[in-house]
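Numbering (this note's numbering), first residue to last: 358 to 911. For glycine and all other residues, C-beta sits at the position ideal for the given N, C-alpha and C.
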């Protein structure tokens, strides 16, 4: 009973502390201190009242002042570090034991009774220390668990929960609204492929390198790894001002430098970068969606590798609209055309030397349920961003060859041109899909010409060249589309063995009036002649243009 009463205060205090902490922690630090101090004093007084009553009835036979001293020591030790608490209680017991021995020896107590009292107080103090250490150990383990829960184990950066915690504590303005923040997002869309092809360790190493780049830029405390391949940094717009884009550009330059110096792992890695100057949201889901949308836009815009927005709202609305398009395109590819469908048109290609030769180019459009025709600029960029181009190209190929085979004048058609996207050109199944479509339709390979747009993004030019050579080996033709508009026009000619050069309409529209446009077309024709390649002109709208092109040799 004596031991239980002595341990009563710290044990009950430990239970109350852990049970009531979620409520108490919402108060200020000063209020918490006074609340716990009051609880301690109440329990200590309750213990003394109970013990005094028991001693009055003869149930206890030891020193109440000594017990009060122990309670005071435990009360003081509770708010101190665990090592100091141990030293305080041990020192109290040592001093109390020596004094008690001297006092009781002079009073003539028997040694057995003295040792019994000392053992009783020692065991009670030991239980007090155990209670304090249990609370301390629980707190430490809870802190470690919370840290692990909010920390990414690979990079040591905060994870999505850690970022959500930072946003929940983000400073407020005078009116109570959240202060705007500068958000910088980095997305590595090829990470899953690297993981599958090169192994988990290689992809992990790449992410560790990216996190180190953030650290070198002094941003480690502000960045989080929200998911594999996606990093989000949140900085105060009050401090950053309009320097978010400059910081993102520095970050991009550093990543580019790492890509060119760290070997094959990063060299062919695509990196999307986006910046929001005045973002206001504590919703981690909305923030992640906006960052992904911005990074996807940066990947499809070679002229602006860092996509910059002022706020999240416009981009999120755009993303909702794009996801609607994605859903409808996927549905029509699966045979459900209730909400619109793809439709093919044939545009005639005339031979200036042999007018009787019939050739045409296949053009893709989207038809709404009300009959409205949407041009490719309205949906193909969305299909590129969301990885649908390989499926769309395959649908165009299969549909074209099926309709061509069913046409009564199939044998009279010299050439059918079909566009290929950059994604399809590096697809490992491209040549197999083309061979299968030719076999099922029965069309002759020499009737089919595949057009490659000069300005499209090709992730792997080596794989693209191998695909082009394989297509030509089947007997199909290869044409360059929009020739003359890219930044690397002539290296493009050396990279791919074209059968046709399709001159962009920008140089054709005013060819009858512009000496510069005519000179450009003549130079392209001269190069094509040396390469034994046929030229094709776009946007020919009248007889005068056609006559000029015939004279040049197009």
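- Close CB contacts of residue 639 within its chain, under the 8 Å cut and outside five residues either way in sequence, are with 521, 524, 525, 527 and 535 (chain order).
- Taking residue 860 as the centre and dropping the five residues before and after it, the same chain places the C-beta of 840, 841, 878, 881, 892, 893, 894, 895 and 911 closer than 8 Å to its C-beta, in chain order.
- Only exposed fits residue 614, as fewer than 16 other CB atoms lie within 10 angstroms of its CB.
- The beta carbon of residue 743 is closer than 6 Å to those of 683 in its chain, skipping five residues each way along the sequence.
- Judged by their CB atoms, residue 775 and residue 730 are not nearer to each other than the 9 Å cut-off.
- Residue pairing for residue 744: DSSP places it in no beta bridge.
- The beta carbons of residue 782 and residue 753 sit about 14 Å from each other, so the pair does not count as a contact at 8 Å.
- According to the DSSP assignment, residue 682 belongs to the alpha helix (DSSP H) that extends over 669 to 690.
- Just measuring C-alpha positions, the residue of 837, 628 and 568 sitting nearest residue 810 is 837.
- Secondary structure of residue 584 (DSSP, three-state): strand.
- Counting along the chain, the unbroken alpha helix (DSSP H) around residue 796 starts and ends at 787 to 798.
- The three-state secondary structure of residue 881, taken from DSSP, is helix.
- Fewer than three pairs of CB atoms, one per stretch, sit closer than 8 Å, so the stretch 688 to 707 makes no contact with the stretch 645 to 660.
- Between residue 512 and residue 568, the CB-CB gap stays under 9 Å.
- DSSP, read as helix, strand or coil, puts residue 499 in helix.
- One Cα belongs to residue 762, the other to residue 633, and the distance between them is close to 52 Å.
- With fewer than 16 neighbouring CB atoms inside 10 Å of its own CB, residue 556 falls in the exposed class.
- Annotated as distal: residue 647 and residue 538, with beta-carbon spacing of 9 Å or more.
- Inclusion of residue 824 and residue 793 in the CB contact set at 9 Å is not warranted, their separation being larger than that value.
- Distances from the CA of residue 808 to each of 610, 817 and 854 were compared; the closest alpha carbon is that of 854.
- By the 16-neighbour rule on beta-carbons within 10 angstroms, residue 907 is exposed.
- Listed in chain order, the beta strand (DSSP E) elements of length 3 or more contained wholly in the stretch 519 to 605 are 538 to 544, 580 to 584 and 587 to 593.
- With fewer than 16 other Cβ atoms from the protein chains shown falling within 10 Å of its own Cβ, residue 851 counts as exposed.
- In this structure, residue 581 sits near residue 515, with a CB-CB distance shorter than 9 Å.
- Secondary-structure assignment with DSSP links residue 724 through a beta bridge to 698 and 730.
- For residue 904, no beta strand (DSSP E) run applies; the uninterrupted alpha helix (DSSP H) run containing it begins and ends at 900 to 909, by DSSP.
- By the Cβ neighbour-count rule, residue 831 is exposed, with fewer than 16 other Cβ atoms within 10 Å of its own.
- One alpha carbon belongs to residue 765, the other to residue 866, and they sit about 35 Å apart.
- In the three-state reduction of the DSSP assignment, residue 895 falls in the coil class.
- The three-state reading of DSSP puts residue 715 in strand, counting E and B together.
- Using a Cβ distance threshold of 9 Å, residue 739 and residue 679 count as a contacting pair.
- The alpha carbon of residue 574 has as its nearest neighbour, out of 562, 803, 741 and 609, the alpha carbon of 609.
- Counting along the chain, the unbroken alpha helix (DSSP H) around residue 825 starts and ends at 818 to 831.
- Distance from the CA atom of residue 497 to the CA atom of residue 507, rounded to whole angstroms, is 15 Å.
- Distance from the Cα of residue 703 is smallest, within the candidate group 697, 713, 518 and 717, for 717.
- DSSP, reduced to helix, strand and coil, places residue 629 within a strand of the structure shown.
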